[in-house]
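Asker: Below are the structure tokens for one structure; questions will follow.
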Amino acid sequence: MNWEGLNNALSGLQEGGINDLVLDNPWLLLLLIPWLLVVIRQFADLSRRAHLGFPRMDLMKRLPKGRNLYFFHLGRTFWWMGGLLLVITLARPRILAPPAPSETEGIDMVVVLDVSGSMKAADFKPKDRLNVAKSIIKKHLLTRRSDRIGLVVFAGQAYTQSPLTHDKEMLAEILDGIRTGVIEDGTAIGDATATGVNRLRESKAKGKALILITDGDNNAGSIDPLKAAELAKAFEIQIFSILVGKGGKVPYPVGKDMFGRERYQEVEWPTNPSLLQRMAKTSDGNFFSATAPRELETSLQEILAAMDQSVLEGAAPSRKRIDLYPLFLLFALMLLFGGQALLTTRGSSLP
Numbered sequence: 005m006n007w008e009g010l011n012n013a014l015s016g017l018q019e020g021g022i023n024d025l026v027l028d029n030p031w032l033l034l035l036l037i038p039w040l041l042v043v044i045r046q047f048a049d050l051s052r053r054a055h056l057g058f059p060r061m062d063l064m065k066r067l068p069k070g071r072n073l074y075f076f077h078l079g080r081t082f083w084w085m086g087g088l089l090l091v092i093t094l095a096r097p098r099i100l101a102p103p104a105p106s107e108t109e110g111i112d113m114v115v116v117l118d119v120s121g122s123m124k125a126a127d128f129k130p131k132d133r134l135n136v137a138k139s140i141i142k143k144h145l146l147t148r149r150s151d152r153i154g155l156v157v158f159a160g161q162a163y164t165q166s167p168l169t170h171d172k173e174m175l176a177e178i179l180d181g182i183r184t185g186v187i188e189d190g191t192a193i194g195d196a197t198a199t200g201v202n203r204l205r206e207s208k209a210k211g212k213a214l215i216l217i218t219d220g221d222n223n224a225g226s227i228d229p230l231k232a233a234e235l236a237k238a239f240e241i242q243i244f245s246i247l248v249g250k251g252g253k254v255p256y257p258v259g260k261d262m263f264g265r266e267r268y269q270e271v272e273w274p275t276n277p278s279l280l281q282r283m284a285k286t287s288d289g290n291f292f293s294a295t296a297p298r299e300l301e302t303s304l305q306e307i308l309a310a311m312d313q314s315v316l317e318g319a320a321p322s323r324k325r326i327d328l329y330p331l332f333l334l335f336a337l338m339l340l341f342g343g344q345a346l347l348t349t350r351g352s353s354l355p
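My numbering puts the first residue of the sequence shown at 5, with every later residue one more than the last.
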């Protein structure tokens, strides 16, 4: 007896219902017809012999009586039920386990992160915009084991920091090293979006998302952001754009005082929420505005939930088939051997 198979069968019965039962060889259930004929014939013989008007004396002596008669009928019943389960075993019953969690269906995502000078604005206490964004990305994106994630950073130009990968530890190290002031300043939203699309265009994943995190307006680069959004649409990539920052005048670090403390000056940075909205709409994505760290966190959570739901709706969930025949075979053998034992030791067989 395969005990591992038996254990899986018991687990399957607990996880699935009778509506999830399937048979690999349903045509073998036709064997139930001869089984039923044998049962009917034996039952008829028993009834006929029990009502014989003038039975032979040798037959009367062999008929079980009293308590033995009870064991005789019980043994025959065990035989009949064992035969029934044996036929079902031959039909190879299986049960469908519940659908696997959505996490098994990986999503491909590219984070396009603004690292221009304005991302140093200190309106996202206790950190600046960039460091808050990095922390939230690590918390919510880099913990998703089944997803591949890529990273593009941009200011006046766009650069790929990481192609699509499952290596979240490497991505975390890359994120830790990202800072402002390395790339020529500016906000090349169109170029950055096109770079992200290029990283996703050959993806075969059922869900593809470009998460654009910026605090400004497109003022650099050679590619129109809306053209880049149309390109994303052509490759079935959804753009989820997030505008970070409170808007208006915000504290911006301008150096340190004589005691080494950071000095701030109120600065106003131009934004273009309308552009980000149109980019998201063009690619069947969504636009979010985050004026505080908690809002940025909520935006990412909503994006991930939307992507998970789209994958679930777009594909039939895989369901594992668990063999039940070891369980049916075990009970069939128990009934057959039990029935034989009852007939041999307690009952009597009829000729």
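C-beta: ideal position from N, C-alpha, C; glycine also.
Name the one or two DSSP bridge partners that Lys212 has.
Answerer: Asp112
Asker: Determine the direct distance from the alpha carbon of Leu337 to that of Met174, and round the result to whole angstroms.
Answerer: 56 Å
Asker: I'd like the list of long-range same chain contacts for Ser207, defined as Cβ closer than 6 Å, with 5 residues on each side in sequence excluded.
Answerer: Asp112
Asker: Could you give the first and the last residue of the continuous alpha helix (DSSP H) run that contains Lys260?
Answerer: No alpha helix (DSSP H) contains Lys260, which is instead part of the beta strand (DSSP E) from 253-260.
Asker: According to the neighbour-count rule (16 or more other Cβ atoms, all chains shown, within 10 Å of its Cβ), is Met262 buried or exposed?
Answerer: exposed
Asker: Compute the Euclidean distance between the alpha carbons of Met64 and Ala345, then round it to the nearest angstrom.
Answerer: With a pLDDT of only 48 at Met64, under 50, the local geometry of the prediction cannot be trusted, and the value read off the model is given with reservation. Cα to Cα, Met64 sits roughly 22 Å from Ala345.
Asker: Judging by CA-CA distance, which residue of His170, Ala213, Ile182 is the nearest neighbour of Val157?
Answerer: Ile182
Asker: On the criterion of 16 or more Cβ atoms from any shown chain inside 10 Å, does Asp195 qualify as buried, or is it exposed?
Answerer: buried
Asker: Expressed to the nearest angstrom, what Euclidean distance is found between the alpha-carbon atoms of Met311 and Gly211?
Answerer: Met311 and Gly211: Cα-Cα distance of roughly 6 Å.
Asker: Between the C-alpha atoms of Val115 and Pro130, what's the straight-line distance to the nearest angstrom?
Answerer: 23 Å
Asker: Hey, Phe332 and Gly289: beta-carbon distance below 8 Å or not?
Answerer: no
Asker: For Ser293, name the three-state secondary structure that DSSP assigns.
Answerer: strand
Asker: Going straight from the alpha carbon of Gly220 to that of Val254, what length do you get?
Answerer: A direct Cα-Cα distance of roughly 13 Å separates Gly220 from Val254.
Asker: Is Gly185 helix, strand or coil by DSSP?
Answerer: coil
Asker: For Leu35, I'd like the list of residues in its chain whose CB is within less than 8 Å of its CB, leaving aside the five on either flank, ordered along the chain.
Answerer: Val91, Leu94
Asker: Return the bridge partner residues of Asp151 from the DSSP annotation.
Answerer: Note: Asp151 sits in no beta bridge, so no partner.
Asker: What residue from Gly225, Leu308, Ala284, Ile246 has the CA that sits closest to Glu299's CA?
Answerer: Ile246
Asker: On the CB-based measure, 16 or more other CB atoms within 10 Å of its CB, does Gly79 come out buried or exposed?
Answerer: buried
Asker: Which residue wins for smallest C-alpha separation from Leu308, given the options Leu280, Lys231, Lys143?
Answerer: Out of Leu280, Lys231, Lys143, Lys143 has the C-alpha closest to the C-alpha of Leu308.
Asker: Which residues bound the beta strand (DSSP E) around Thr169?
Answerer: 162-169
Asker: Which whole-angstrom value describes the C-beta separation of Gly121 and Asp189, a residue pair presumed to lie in contact below a C-beta threshold of 8 Å?
Answerer: 5 Å
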